Every structure is written in C-alpha cells, then in structure tokens.
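In order, the protein sequence lines correspond to chains F and H. Read in order, the letters of the first sequence are residues 1 to 452 in this note's numbering. Read in order, the letters of the second sequence are residues 1 to 455 in this note's numbering. Everything below concerns the one structure shown next.
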Amino acid sequence: MLDARKSQVITAGDARAIVCDRPSVAGSVTQRACTFCGSRVVLYPIGDALHLVHGPVGCAAYTWDIRGALSSGMQLHRNSFNTDIRENEVIFGGEKKLARALRELIPIHKPKAAFVYATCLTGVIGDDVEAVCRGATAEFGIPVIPVQSEGFRGTKKHGYSAACAALAQLIDSGDTTGIGPFSVNILGDFNIAGEIWTIKSYLQRMGLEVVASMTGDGRVDDIRRAHGAKLNIVQCAGSMTSLAKMMQEKYGIPYVQVSFFGLEDCASALYEVAKHFADLAMLERTRALVREETAAVLPEMARLRKDLEGKVAALYVGGAFKAFSLVKALRQLGMRVAMAGTQTGAQQDYEHLKELCDADTILADDSNPLEMAAWLAARDVDLFIGGVKERPVAYKLGIGFCDHNHERKIGLAGFVGMAAFAREVHATVTSPIWKLVPRRQRPGCSNTEGTP
Amino acid sequence: MSQISLTPDPGLRTPDRRRPATTNTCRVCAPLGAVLAFRGLRGCVPLVHGSQGCATYIRRYLISHFREPMDVASTSFTESSTVFGGKSNLATAVANLRDQYAPEVVGLCTTCLAETIGEDTRGIIRDLAAADASLPRVIHVATPSFKGCQHKGFHDTVAAILAQVAQGGERLRQVNVLAGPVSPADLRHLREVLNALGLPAILFPDYSDTLDGPSLARYEPIPAGGVGLDEMARAGRSACTIQFGDTLEPGPGAVLEAAHGVPLVRLGLPIGVQASDAAFAALAEAAGVPLPESLAAERGRLVDAYVDGHKYVSQRRVAVVGDPDLAVALAGFAAEIGMVPVLVASGAATGRMAQALALRGVAGAEVLEDADHDGIGARIAALKPDLILGPSKSYPTARAQSIPLVRVGFPVHDRIGAGRILHLGYRGTQRLFDEVVNTLLANSQDTSETGYAYL
C-alpha cells in the first residue's frame, strides 16, 4: 500500500480515527469519479428534464443510459444530449454552440426544464454557461439551469452539492395549494429498478402524501412545489443532505436521514417518519405494515440464511449510509463483514462503522483495486459487494459478487428488496462454480473439493 | 416495460453534422482508444492526465465490454492543477505507479483538460526522467477528447509507441502486423495463423491475454501478456508492416516506413472470403510459404456454408454501424454474401468511408460519418433494413424498429463474451455468417403465425 494512503485504512477496533474527505492520491487508481459524475448521477433520473452535457463527447458518452433509474412517464433522461465541443469551440468559445443546441433540442423534446452540465473543458475555456442559461430561460419559458459540475472542481461530493444547488433553483417556483399536513418529499432515492415505487407504496399505506421525489422518477413540476411538504425523508445522505439543510433553513421543513435497505433499517425508517407526524393511527398503520411486509419475506430469508451462515463478505460502496445498511443486512443473513469501504465517507460515518463492525473488520476510505484485491484474498471472502468497477476485482479472483450500485437492474430497497438482495447474495455465494476456481484449488486451502 | 423512445419523432431529425447538438453519440473519446492500445503493451499501466473522472469512466466503459480488471490511473487534477499545471500531479502519479505496479512502462495519454491548459507533457516527462532514474519509462500520446474519437486515439497511440520505441537496424525475418482495435479473439486467431505460416511477427497491440485472461488465485497488478518494449524496439527492422484498416490514411504503420524504411502494406480488415484471401495471401507471401492446408480447409467450409445459407440472406437489406474500418469491412462481407447494405454508419469522421466501400465493391449504400445514434436511428427508421450489424448501443434503435441486431465490434455492454466475438479470417467470417443467417431465420420463425420447427 502506498505510504500516502496508510492513514486512510484502519480496522474497526483501532483507537485511531481514519483520515478521509480528502482528494485522491494521483496514480493510486481511485474508484472515485469526478465532480461532473456526482452532479450527473443525482439529477439524472428526472425524466421530463433535458439533460445537456456541455463539453466533449466523452463526458456525454460515458453517462448515456447507465443508471437503472426507471421513469413512469417521459424518459428523456435516458438520452445523452451533448454540445460535443470540438477544437473550433476550444479556440472560439462554446457559448454560441450551447445556445444553438438548446434552441434545437428544447422545441423537439419539449422538456419541463433543462439542466446544462458544465465540464472541465467548458470550465477551462471560460464559457459563461449561466448567461446562456438565463437567455434560454427567457426565450423558452422553462427553467434552464446551469450545473457547476466542472470535473476538476473537486470530488464527487462537490458534484452532489452542485446538483443540490441546481435543484434549489427549481424549488419554490410551483403552487403548493392542496398539499396536506401529512406530506413528505423523498430525497436521495433514484428509483433504481423501481425502488421508489416500493417506498412510495409504503408511505402511502401509512397515510402520507409524497409531494416530490428527488430525484427517482422525479418530475420538474413536483420538485417546483417541494417546499410545500412537511417533512423531507433523506435516503442517500451523502448526496442530498445539503439540500435538506437548505430546505430546513429556508422553508422550515425538518428532515430525517434514513435508509430503506435491509429489514431493520427499512422498518426504523418508516417508524421514524411515523413518529415525526405523531399520529397514533399512522403509527398503528406503520406497525401493521412492517409486521405484514416482514412476515412476507422472513420465511424465504430464513431458508437462504441456512446456506449463508458464517460466510464472509466485503463491501466497497459510494456512500457510507449504504455501507451501514449493508453491514446490518449481511448480519441478518448470518454473514460476517471482513472489509467495508466507501468512496466518500466522512469522519463520523467511519466512527459509526467502527461501532457496527467486528474489531478486525478493515475500514477503508477511497480504496483502489490492488488494496481491495489483497484484502479479499487475505480474508478469504465469499462475497464482494460493489459496483461495475469493483466487479472484475472479485470475479478475477473467483469470488462471488453482488452489484449494489446504480447500474443494477434489480430493486434492493424495502422489505421486498431485502428478499431480492438475499436471493442475489445466495445465488452468487452458493454457486457450484467456485470449487473450480484456482483459489479454491491451491494446496493448503480448506476447500479443495473438485480437485483431481 | 415501456418502449424506449429515443426521440418523439425521429423523422424530424436529419443526420447533419452542422447540428449543434449530438444526441446519443456513436463515438467515445480518444483517451479510451489510447488506454485500449496501451493494454496491448507488456507491463504497461495506462495513466490518464486530467481529472480522475476520465480514467474512472473509461475503466467502467471498458470493464462493461471486456469484463476484465482494468486498472487505469489518473493524475487526478484539482482546481489548482488546472490553474498552475499538472506537473507535480504527474510526478506523484508516476512515482506511485512505480511503487504499486512496478510497471515496465507507463502509457500516458492526455485529456482535453491537460491539452487545453497548454501542458507541456513531453517536457515534463523529460524532466522527470532526468531527475529520477528509478522512474519507469513513460510513453506519451496527445489525445484531447475534443479531437477525433476512440478510433483516432487508438491509432495515434500505436503510432506514438512505434515512434518512441522502434529502432532501425539490420533487417530481420519478421513482419509487423497492426490489426487495429479488434477483439481479443481476433488477435488470438491472427496469432494462430501467423504460427501456422511459421512467420515471426510483431502483432501489435496484442491485448488478447491482458483483456481475456484466465481465472486467477492472485490479482495481477498488470495482467500478463502484451508485446514487450524489447520486441517493439525491433519493429523498425521488420521486412514489412501489414496494417489492417480500410479507412486508415496512411495509418500508424507509416511511422516505421518514414523512420526506418519498413515497407507498409495496407489492407482491409480480413472479413469475408475475398478480404481474408487478400490478407492471408499477403502474410503467406511475407512468409514465403503457401497457404497452410488448415486455412484452405477453413476457406472451403466457409464457401460451402455460403452455399447452404445464401438464399436466406440474398437481397436482404442490412444497416452496419461501428468503427469505420469494421463497418466498411462488414458491409463488404454483407455485399459478398448477397445482402444489400443500405446504410453504413460510424461516429468517427474519417472522410474516407465512401471510397473504402467502393473499393470493397459496396455500391448504393448511404454512408454516414460523424453520426450519432439519433441520426442513425432516424435513417434506420426510414430505410427499414432487415438486420442491423452493430454494437449494443444500436439496441434501442433495433428495439424501437423491431429489427434484429447482430452484435459486433465495440461496445457490447449487454451480453457477455464481447472479447470472444471473432470477426476476422475465414473462421470469423464463418461465425458471422452463421449468426447472420440464424438471426434472420429466428426472426422470421418468431414472427410467423405457424412457427415451424423444421425450416
């Protein structure tokens, strides 16, 4: 491991605190992306907005239709719109091309709003994206919102903030008439594989009205009246807390930070929301819901758990809140966690992970393939949870893998999602192919079934 | 699930590059091509000079295609490197790569950010090497994303490696084979042919092992395989360079011709009987031996299969989408078997596709260069071909128009085994032909009312 990285790795039993929240070390092969990526993933699921990447082709190409974020209506977000900046604009500026692109695209697609993402290139050539957006807003009568997502500005976290700032420009521009006292916004769920529909159905059964979802299956007009809701439910805390704080200060809307992953966290999320409204009938409905939903999945989970008991997992995810839920969910399946890492965790997140994990669990901030591969092998793990970039690290070593990132096409949130997660984990961990892979065939390895 | 609608009315759009906006691009950026080429160099770690998102996105895109480890480093520009230059980031990155990966060579490509701030990358590398002898060698290629695409990035990188590594000297009994951005399976097949001919060859870049490797007990920091720097140094002494790529003008092999007088033989990608004949004849001539019996037998079986299947493909109309050289070669293959290429489209802008198609005997096809999938989709909707040959990014169009898609080239993000798709030689053509015929058969079977199981 690089000396410069040693302070960013601890075990949960360590007295010392982890060092985190700092730029990646050059040449370390970080799993993190850039500011642009952070903004793009947060705003991406808004299906009736035009998402225009103002920059070179790569930034647009690599973010075309990659999230599994479903929409119940318009699917504009699944397109990749790009000003495709070339040498000519690098020399003469890209503002005119941006204005022309908006003029071309808005009449064709008739979006409710447009987001214009700045990239490294348009940042460095000094395009005044804001001015062009102001002009387009006046010209087309829809909000055309600049997103200050130049890649070099910082990490993905800066991109989250830039996305929240863009959303803040939409909020408080719609009519809140008719929004009742039992109303919420959902922040930080991106409707991967329809997850927000699951969560919304729970909230509706509790007697709550969802005003706006940001941004899963998000709609511009809903977001415009989000300031009328009485509570913000924040799931992906890393990306959306700054918006929730802003809405608390500006509109007096309190927020709760929750997670809908895992039975335990999902139940406490719903209870916390119910408690906030201090309505006895709602609390009773919530209890019934949790009872019913849990009972529906427990038998299957118990059956799957039998095969998973004592197996070892490792996880590396973007945000810490997902890591908390996964540690608990894995425990519910009888599995131990040998390593838990995040791209963007903060100091207090790692302190919480310390409490959740075993003393010898490795906690890592901003890790890289070489470090992770070494830990996976040393701890002889049976399962790695991550995203597409982590997958080949596991698969190359013959280790089971579960995708818990935004590219996945399987819903893992809610009670039903926990059952799906258990099935995913079970399907990979219990596959018979592992007895054929080299790491299970080395002399001295405990599991040598299938060796000649 | 609801139908994907790319645009409300594709008929509104015309594929005109003067349009200010690109919708659903058919190309990616040049650094991705550079990373792919560097993967064919032994002991090489690719390093992308710019914001770290570039490296991360390129990794994800390549992993989704090859499903293999893809450690690509970044110099991780920050706001201050953007203002003051990325020299110290580059120095740190190379030193950290030395400490973690112990590479023989670092393959450095630039991004639009590094190029736009006017970074003197070559100068920085020279200074680094002079200041610290323990640092690995750095090969550098300029690949701003605002110029060209992955196709250009790939070939520019091959040219840069040849220019910076190949040495002249006494001629050797060997040839260089520059195959282009083909699949690992293609490279493996070419190697097999070269071995059968007994022809010593530098097949470059060769990522057949680095991007299609075996299951391992230990993670390899740099996947085994690729052509070594020592071997690349001898590329300037080869008897000739055989370069595949219908649209290359003149292509990276010209570097060796100019610097070391290595004659350049420019051929189309060997897809189809006639193109494979030409390619294998050139290799056999270089080897000074007749075509091996095994290849002649493969050719015989392929022609026999053409006869068995010709009526199923005859006069069927096909759209071809992909890298310019692959698209041209596939259109040539389609014409050879009696299909009618109605559209040949690429995201690249070579300006030479029409001419290359004419040389392949393809007449009457609409040619789109510098196209996006929105424009291509609009033309496909209008032309209504029976089949699309293209990458997985053509799937939304294929689905919207209910036209079967045979996946070829790059990227293939919705199937496994993309690296194992064989396109080249008689064998690759055989595989393609069977898949094309069977896809058309399956489509008519699935959409017929009777659904015979005996065709």
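We put the beta carbon where it would ideally sit given N, CA and C, even for glycine. Bear in mind the structure is a predicted one, so any value in this text is a computation, not a measurement.
The shortest CA-to-CA distance from S80/H to any of A244/F, V317/F, G73/F and C120/F is the one to C120/F. Under the three-state reduction of DSSP output, Q52/H falls in the helix class. Rounded to whole angstroms, the Cβ separation of F115/F and H51/F is 5 Å, and the two are in contact under 8 Å. Three or more Cβ pairs drawn from the stretch 117 to 136 of chain H and the stretch 75 to 91 of chain H lie within less than 8 Å of each other, which places the two stretches in contact. With 16 or more other Cβ atoms inside 10 Å of its own Cβ, P184/H counts as buried.
From the listed residues R439/F, V317/F and A419/F, the smallest Cα separation to E407/F is found for V317/F. What L97/H touches in chain F, judged by beta-carbon distance under 8 Å, is G27, going in chain order. Taking C-beta atoms as the reference points, V105/H and L41/H count as a pair closer than 9 Å. Here the alpha carbons of F410/H and V340/H stand approximately 23 Å from one another. Taking the Cα positions, V165/H is about 20 Å away from A224/H.
Secondary structure note for F77/H: it is in no beta strand (DSSP E), with a DSSP letter that is neither H nor E. Judged by beta-carbon spacing, K230/F lies within the 9 Å limit of F182/F, meaning their Cβ atoms are closer than that value. According to DSSP, residue pairing for I125/H in a beta bridge does not occur. For Y207/H, the closest Cβ of chain F is not nearer than 9 Å.
For the stretch 50 to 71 of chain H, the residues whose beta carbon sits under 9 Å from a beta carbon of chain F are, in order, G50, S51, Q52, G53, C54, A55, T56, Y57, I58, R59, R60, Y61, I63, S64, F66, R67, E68, P69, M70 and D71. For R285/F, the three-state secondary structure derived from DSSP is helix. Listed in chain order, the non-local C-beta contacts of G107/H below 6 Å within the same chain comprise F38, C44, P46 and I139, local neighbours out to five positions each way being set aside.
Contact of Y62/F with chain H is assigned, a C-beta pair being separated by under 9 Å. Collapsing the DSSP output to three states places F261/F in coil. Membership of A313/F in the beta strand (DSSP E) is indicated by the continuous run V312 to V317. Against chain F, the CB of F38/H has no partner CB under 9 Å away; the residue lies outside that interface. A contact between stretches requires three or more CB pairs, one per stretch, nearer than 8 Å, and the stretch 74 to 93 of chain F fails this requirement with the stretch 14 to 26 of chain F.
Interface residue (Cβ-Cβ distance to chain H less than 9 Å): R225/F is not classified as such. Interface residue (Cβ-Cβ distance to chain F less than 9 Å): G213/H is classified as such. In this structure, A60/F sits away from I106/F, with a CB-CB distance that is not shorter than 9 Å.
Under the three-pair Cβ rule at 8 Å, the stretch 406 to 424 of chain F counts as touching the stretch 301 to 312 of chain F. Rounded to the nearest whole angstrom, the CA to CA distance from R134/F to L187/H is 52 Å.
For the 9 Å CB-CB criterion, N79/F and D374/H form a contact. A49/F carries a strand assignment under DSSP once its states are collapsed to helix, strand and coil.
Across the structure, A282/H and C112/H are spaced so that their CA atoms are roughly 39 Å apart.
Take the alpha-carbon of Y101/H and the one of R234/H: they are about 25 Å apart. Along the stretch 177 to 244 of chain F, the beta strand (DSSP E) occurs as fully enclosed runs of 3 or more residues at 183 to 189, 209 to 215 and 231 to 234, listed in sequence order. Secondary structure at H404/F: coil, using DSSP grouped into helix, strand and coil. Note that the stretch 148 to 156 of chain H does not touch the stretch 212 to 222 of chain H; fewer than 3 beta-carbon pairs, one per stretch, sit closer than 8 Å. Contact of G123/F with chain H is assigned, a C-beta pair being separated by under 9 Å. When secondary structure is reduced to three states using DSSP, A26/F falls in the coil class, being assigned neither helix nor strand.
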